[in-house]
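See below for the structure under consideration.
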Amino acid sequence: MNAELKRRAWQDAVALVMAGLAIWLVSFHFDLFDRILMYLARHEHWELDEIIFAVLMAGLMGFIYAARRLIDLGGESRRRYAAESQARWSADRDALTGVYNRRYLEAYLKDFPFDRPLAAMMVDLNNFKSINDLRGHQKGDAILQEVARRIGDVRPKTIVTRYGGDEFTVLYADGTAEEASRIAGDILKALKKPIRVEGDEFFIGASIGLASMPQHAECAKDLLYMADLAMYQAKKRSDTCFEVYHPWFLSDLQEAAAAERALREAVRNEEIEPYYQPLVELENGRIAGCEALARWFKADGTQIPPSTFIPQAEKLGLIDELFESLLRRACRDAKNWDDRVTLSFNLSATQLDNPALAYRVASILDETGLRPSRLELEITESTFVQNTEVALDAIAELKALGVRIALDDFGTGYSSLSQLASLKIDRVKIDRSFVMQCMADERSMSVVQAIVSLSRTLKLATTAEGIEQNDQYLEMHKVGCDIGQGFLFSKALSSDAFEEWLQQVGEPDEDGNMLRIAS
């Protein structure tokens, strides 16, 4: 539009100059100036010279006025053009990072010829969400700006897009597959370097998926999907790497989607059940309680291990629903047992972040009628070390309900003595790795002895996990451990099987304790 106005202005200027020159030549040829002067002299009484002067002055003033208005119009036109340019820029750019946005990317790919080489890279930052949550959005935004700058500096001819959140897209047209792979590798190198923001140093890293057209996709729309599949594989393989698309990625994703659907249905239909592993007093073989463990058996009898579906439930945001379902069923089962049999239940790090945790536990206890003192919630030592403040707040709220707290897998999380002393817990559970190695490794035995001694000093009960052999049982009893848990006593049992087990071990003695049958 601006170029068209300039062209028309030049045409008008040339036309006016040519017209003025033509009039001057005609006037010169016919002596019009002399004739006008003679005519004015003969008719001086008409005062034509004053009239002509007035007309000339009016014309001059009109010319000045028109010139000023033209200057104003030109300024307005330039401002409007700048505003339109800024609007076009803003429509195509990400406001935070200044790189292209998703709208521009989609428009670019829509018009891209299918037979022209094009490589697409999906770049997903690692650990960005945790940094954003812990350090604040202001520092997170600064990190995104620096990431966008580094990606753009790797190869100026690439088109860098902020695809959404902490995900970027890089397009490289008319290049070879080797060049695209080099660019992906250079981006990884650039993002491995620490990012400094307001005196803090952050290590981000990224996972990159690479797909090319026409090798992997027949159209630009599918190209991003293929690159996304490759990026998904890269995140599974390593914290910082890139993967080139391969056809089997699609089948792998379909399997993952099927597993996700199955888990959602299992949680909704309560197919995941609590199983109970007995806890036995090592001093006299009496039953102290049990630990509820999640078990998922599919219709065909296949068992999905907790190490698979628990992390997946956390990732899908199903962990709270699963936790409440299992805890509710476990509390209902425990209500039918002897009143002195306690119920232990595990808490994940994700659940500690839920501000409604104590409220939900209280609601379930009230609903099922289980006394709070019969419930013991377990928090792993590593969870406590990583989220000390959150864990302390959650423990305080749960303790206020009357629920007991145990520190699980103790000895593996590197917590300090001051941290342990600050915890308002009731029990320490010694990690199974020390128990299983104590017979062959003196250091492991020394660790167990130190944990038991420290726990006694702090007036905490102790539980040894993973007791599978009689000599392990004897050693744990010898060092003064209070409770034992493991296959030596029993594997985890279904609700019905555990009730049968309770009946088989004997009736309560005169002290009201359940006795385990000696083998």
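The numbers in the UniProt record's numbering rise by one with no breaks, and the one at position 381 of the sequence shown is 381.
No residue lacks a Cβ here, since even glycine has one placed at the ideal position from N, Cα and C.
Note that the structure is a prediction, hence the values are computed from the model and not measured.
For residue i, is the classification buried or exposed, using 16 other Cβ atoms within 10 angstroms of its Cβ as the cut-off for buried?
| i | result |
| --- | --- |
| residue 429 | buried |
| residue 128 | buried |
| residue 277 | buried |
| residue 367 | exposed |
| residue 438 | buried |
| residue 500 | exposed |
| residue 172 | buried |
| residue 341 | buried |
| residue 243 | buried |
| residue 353 | exposed |
| residue 14 | exposed |
| residue 337 | buried |
| residue 122 | buried |
| residue 294 | buried |
By Cβ distance below 6 Å, which residues in the same chain neighbour residue i in space, the five residues on each side in sequence not counted?
| i | result |
| --- | --- |
| residue 313 | 319 and 322 |
| residue 270 | 325 |
| residue 333 | 495 |
| residue 434 | 411, 444, 447 and 448 |
| residue 94 | 101 and 162 |
Out of the options, which has the shortest C-alpha to C-alpha gap to residue i?
| i | options | result |
| --- | --- | --- |
| residue 222 | 133, 250 and 437 | 250 |
| residue 481 | 379, 350 and 454 | 454 |
| residue 310 | 256, 263 and 287 | 263 |
| residue 165 | 150, 145 and 192 | 145 |
| residue 139 | 354, 232 and 195 | 195 |
| residue 114 | 216, 66 and 31 | 216 |
| residue 554 | 142, 259 and 268 | Beyond the ends of the chain as shown, which are 1 and 519, falls residue 554; an answer cannot be given. |
| residue 134 | 202, 55 and 256 | 202 |
| residue 125 | 231, 335 and 484 | 231 |
| residue 520 | 12, 32, 261 and 120 | Any question about residue 520 goes unanswered here, given that the chain covers just 1 to 519. |
| residue 153 | 106, 239 and 99 | 99 |
| residue 142 | 103, 68, 106 and 199 | 199 |
Using the C-alpha atoms, what's the distance from residue j back to residue i?
| i | j | result |
| --- | --- | --- |
| residue 174 | residue 183 | 13 Å |
| residue 176 | residue 159 | 16 Å |
| residue 246 | residue 156 | 28 Å |
| residue 441 | residue 300 | 42 Å |
| residue 491 | residue 275 | 9 Å |
| residue 468 | residue 365 | 33 Å |
| residue 398 | residue 356 | 11 Å |
| residue 339 | residue 407 | 23 Å |
| residue 374 | residue 290 | 11 Å |
| residue 24 | residue 76 | 35 Å |
| residue 101 | residue 163 | 6 Å |
| residue 111 | residue 351 | 47 Å |
| residue 423 | residue 118 | 57 Å |
| residue 180 | residue 210 | 8 Å |
| residue 392 | residue 254 | 41 Å |
| residue 344 | residue 378 | 7 Å |
| residue 130 | residue 390 | 14 Å |
| residue 471 | residue 477 | 10 Å |
| residue 497 | residue 235 | 41 Å |
| residue 169 | residue 335 | 55 Å |
| residue 307 | residue 214 | 40 Å |
| residue 360 | residue 317 | 16 Å |
| residue 186 | residue 208 | 11 Å |
| residue 57 | residue 64 | 11 Å |
| residue 331 | residue 388 | 28 Å |
| residue 349 | residue 488 | 30 Å |
| residue 106 | residue 78 | 30 Å |
Using a Cβ-Cβ cutoff of less than 7 Å, which residues in the same chain neighbour residue i once the five nearest sequence positions on both sides are dropped?
| i | result |
| --- | --- |
| residue 266 | 272 and 296 |
| residue 191 | 147, 150, 204, 205 and 206 |
| residue 284 | none |
Excluding sequence positions up to five away, which residues of its chain have a Cβ less than 8 Å from the Cβ of residue i?
| i | result |
| --- | --- |
| residue 410 | 381, 428, 429, 430, 431 and 451 |
| residue 426 | 376, 404, 405, 406, 460 and 461 |
| residue 358 | 394, 397, 398, 400 and 401 |
Which partner residues of residue i appear in the DSSP bridge assignment?
| i | result |
| --- | --- |
| residue 462 | 428 |
| residue 295 | 273 |
| residue 383 | DSSP, once it has assigned bridges, lists no residue as partnering residue 383. |
| residue 172 | 119 |
| residue 527 | Here the chain covers residues 1 to 519 and nothing more, so residue 527 does not appear. |
| residue 164 | 167 |
| residue 201 | 196 |
| residue 342 | 289 |
| residue 183 | Residue 183 is not bridged to any residue. |
| residue 280 | 287 and 484 |
| residue 93 | 100 |
| residue 408 | 380 |
| residue 213 | 118 |
| residue 303 | 297 |
| residue 159 | 171 |
Consider the Cβ of residue i: report whether some Cβ of chain C lies at a distance smaller than 8 Å.
| i | result |
| --- | --- |
| residue 204 | Looking for chain C here will not work: only one protein chain is present. |
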